[in-house]
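Chains A and B, in that order, are what the protein sequence lines are.
Quick note: the first sequence uses my numbering, first residue 31, plus one each step.
Quick note: the second sequence uses my numbering, first residue 4, plus one each step.
These notes are about the structure you will find just below.
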Amino acid sequence: MSLEDRSNALHLLKDHDTARESAAQSRAANALSIRAAKPADFASIVALDQQVTGLAKRQYWKEAFARYVSRREEPAFFLVAERGGEIEGFIIGDVRAWEFGEPPCGWVFAVQVRPQKRLGGLGTQLFDAICDAFRRAGVKKVRTLLARENHLVLSFFRSQGLMAGPFIELEATIA
Amino acid sequence: MRLQTSSSIALFAVLELAANPAHQLSALEIAEKYGISAHHLAKVLRGLGRAGIVDAVRGVGGGYQLIANPKRLTLFDVIQVFEPIGSRAAPESSRTVLTDASAALDLVLAELDQHAIATFRSITVSTMLKLMARRASSRQQSSRPARQAAARR
Ligand SMILES: CC(C)(COP(=O)(O)OP(=O)(O)OC[C@H]1O[C@@H](n2cnc3c(N)ncnc32)[C@H](O)[C@@H]1OP(=O)(O)O)[C@@H](O)C(=O)NCCC(=O)NCCS
C-alpha cells in the first residue's frame with residue numbers, strides 16, 4: 031500500500047467513523063428518553079396540557095412545577111417522555127402516607143400523551159417508569175382516581191392491571 | 004351481581020376466540036371446554052355474529068373467528084347484546100303506586116348501575132386476556148412449591 035493509498039484509506043475510515051457517529055447521534059435524537067421533568071420543560075408541558083384538555087392552566091402548572099420539579103426530593107414523580115427535544119408525554123404522581131388510614135402508597139394523578147403519539151406504548155412506558163420510582167420509594171401499591179365517564183383513561187389504567195381499590199368516593203351538595 | 008347465562012357464555016366464547024386468533028373454533032369445541040350447552044352456545048354465537056363481533060367461516064375446518072378488535076371491544080359491548088345494562092327492565096318507580104321509598108330505592112339502584120357500566124366499559128377483551136394470564140402465572144407460582152414438595156416426597 032502506498033502512502034497515498036494509506037492516507038486515503040485512513041480518510042475513508044474517518045469518514046466511516048463520522049458517519050457512524052452521526053448515525054448514532056440521530057438515533058439518540060430519535061430515541062425516547064424518560065426522565066425527571068426540568069424547569070425548562072414548563073412551556074412544553076403547559077402547551078401539551080392545553081392541547082389535550084383545551085385549557086391553559088399556567089397557575090396550576092406553576093404550582094405543580096414548584097412542588098414536584100423545583101423542590102424535588104428523589105425519587106422524582108414528575109416524569110416526561112422526550113424524543114428529539116420534544117416532550118411527547120408526561121406522568122405525575124406522589125407518595126401519600128396514611129391517607130384514609132392506609133400504609134404509604136403511590137398515587138398517579140395525571141398522565142398525558144401527545145395525541146399524534148398515542149397507541150404506541152408511550153403511556154405504558156411512562157406508567158412503568160413511575161411505578162419503578164414508587165417501588166424505589168418503598169411503596170407496594172399504586173392508585174389513581176378518575177371520572178366514571180373517562181372511558182379512555184379508565185381503559186388505559188385497566189390495561190395496566192389496576193382494579194377497583196378499597197375506597198368508595200362519596201359527595202354531597204352543601205350549597 | 005350476576006350476568007344472564009347468555010352473557011357469560013358469550014364472554015367465554017369471545018375470550019376463547021380472542022386467545023386463539025389464528026384458529027377458527029367450532030361451537031362444539033368451545034362448549035366442551037366450558038362445560039356449556041352447545042345448543043345454547045350456537046344461539047349466542049349467532050347473536051354475536053349479528054352484532055358484528057364474530058364471523059362464521061363455512062366449510063371443512065370452518066368455525067368461528069373474532070372480527071371485532073379485541074383491544075377496543077369491551078365487556079360492555081358483548082354483554083349489552085344479550086341484556087340491558089343499567090337500564091333496568093322494571094325500575095321501582097314504574098310500579099303503579101309511586102312512593103318516596105321507591106324513588107329513593109331507584110337512586111340507590113342507579114348508583115350501582117353507573118358503577119357496573121363504568122366497569123364493563125373500561126375493560127377490553129385484551130385486558131381480560133392479560134388478567135387471565137396474570138392469574139395463570141400466579142397460580143403456577145403458588146403451586147410450584149407444592150409440586151416441588153410433592154416431588155421430594
Ligand atoms: C390515556 C393515554 C395516556 C394513553 O396513552 P398511550 O400512549 O396511547 O397508551 P399505550 O399506547 O401505552 O396504551 C396502553 C393501553 O391503554 C389502552 N388504551 C389506550 N388508548 C385506548 C383507546 N383509545 N381505547 C381503548 N383503550 C385504549 C389499551 O388497552 C392500550 O393497550 P394496547 O395498545 O395493547 O391496546 C392517552 O390516551 C392520553 O393522554 N389520553 C388523554 C389523557 C387525558 O385526557 N388526560 C387529562 C386528564 S389527566
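Just so you know, even glycine gets a beta-carbon here, dropped at the ideal spot from N, CA and C.
Treat the numbers as computed from the prediction; the structure is a model and nothing was measured.
Contact list for residue i against chain B, beta-carbon separation under 9 Å
i	result
G191/A	T130, K133, L134, R137
For residue i, the first and last residue of its enclosing beta strand (DSSP E)
i	result
V143/A	135-143
L149/A	Run containing L149/A: none; DSSP gives neither H nor E here.
V57/B	57-60
Residue i: contacting residues in chain A (beta-carbon distance under 7 Å)
i	result
Q143/B	Those within 7 Å of Q143/B in chain A number zero; the least Cβ separation is about 17 Å.
Chain-ordered chain B contacts of residue i [CB-CB under 7 Å]
i	result
R178/A	Q117, A121
R188/A	S125, I126, T130
Where the alpha helix (DSSP H) through residue i begins and ends
i	result
R165/A	152-166
F15/B	8-22
G50/B	41-53
V125/A	It is not in any alpha helix (DSSP H) - V125/A instead sits in the beta strand (DSSP E) that spans 116-126.
S29/B	S29/B -> no alpha helix (DSSP H), and no H or E assigned at all.
V82/A	72-83
L184/A	181-189
V81/B	78-82
E93/A	88-95
Residues sharing a beta bridge with residue i, DSSP
i	result
G65/B	Paired residue(s): none; G65/B is not in a bridge.
A66/A	L109/A
V111/B	BP columns for V111/B are empty, so no partner.
R173/A	W137/A
T127/B	T77/B
For residue i, the nearest candidate out of the options (CA to CA)
i	options	result
A34/B	A21/B, L48/B, A25/B, A22/B	L48/B
Q207/A	K147/A, A61/A, A66/A, E199/A	Lying before the first or after the last residue shown, residue 207/A is absent from chain A, which here runs from 31 to 205.
G191/A	T83/A, A67/A, C161/A	C161/A
S74/A	W128/A, V143/A, G131/A	V143/A
V111/B	E179/A, L200/A, F107/A	L200/A
K171/A	E129/A, F186/A, L109/A, A86/A	E129/A
S125/B	S105/B, A113/B, K74/B	K74/B
V138/A	I198/A, L176/A, A202/A, T203/A	L176/A
G131/A	L62/A, N60/A, F197/A, E179/A	F197/A
A163/A	C135/A, R188/A, K92/A	C135/A
Q27/B	D109/B, S140/B, D58/B, L76/B	D58/B
N60/A	F157/A, G114/A, E93/A	G114/A
Y98/A	D79/A, I117/A, L85/A, V125/A	V125/A
R188/A	L6/B, S29/B, K133/B	K133/B
L44/B	R61/B, Y67/B, A22/B, A25/B	Y67/B
F79/B	R142/B, V17/B, S146/B	V17/B
T127/B	L115/B, A21/B, I39/B, Q144/B	A21/B
G62/B	G38/B, P24/B, M135/B, S29/B	S29/B
Contact list for residue i against chain B, beta-carbon separation under 8 Å
i	result
L184/A	A121, R124, S125
Note to self: For the pair the stretch 113-132 of chain A and the stretch 149-162 of chain A, tell me if three or more CB-CB distances fall below 8 Å.
What the structure shows: yes
Check: Would you call the stretch 116-132 of chain B and the stretch 42-57 of chain B touching, i.e. three or more CB-CB distances under 8 Å?
Finding: no
Check: Are the stretch 105-120 of chain A and the stretch 65-72 of chain A touching by the rule of at least three beta carbon pairs closer than 8 Å?
Finding: yes
Checklist line | the stretch 73-88 of chain B touching the stretch 100-107 of chain B, judged by at least three CB pairs closer than 8 Å | finding: no
Margin query: Closer than 8 Å is the cut-off here; do at least three beta carbon pairs connect the stretch 181-189 of chain A with the stretch 7-16 of chain B?
Written below: no
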